[in-house]
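The sequence shown begins at 918 in this note's numbering and counts up one residue at a time. Using N, Cα and C, we set each Cβ at its ideal position, and we do this for glycine too. Everything numeric in this text was worked out from a predicted model, so none of it was measured. For reference, the structure is listed below as structure tokens.
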Amino acid sequence: MKMWHEARKQEKKIRGMLVDYRKRAERRQDFYERIKADPTQFLQVHGRKGKIHLDASVAAAAENPAIMQVIFEIHRAGPARVERT
């Protein structure tokens, strides 16, 4: 008789655990449904404020390969080695 009681006790415990897991899964699903939102709401933009100058000569200079070569050489040389003319 004692083994039957132990087995019954274990069955009740397991059944209770299954019910608890099911309820927990439902609560978890409800929680995620409540907090689900449009991904664009979480979009963050980081950067610095800057002005955009709409000048045709500046745009042309930026496209000029000779000027880009000078800028590259200045950055490669480092700030201490740049000759001022």
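In the DSSP assignment, find the alpha helix (DSSP H) that holds residue i and state where it starts and stops.
i      : result
Lys968 : No alpha helix (DSSP H) contains Lys968, which DSSP labels as neither H nor E.
Ala942 : 919-952
Quick test of your reading: residue i and residue j, contact by CB under 8 Å. State the CB separation rounded to the nearest angstrom.
i      : j      : result
Ala976 : Ile984 : That pair is no contact at about 12 Å.
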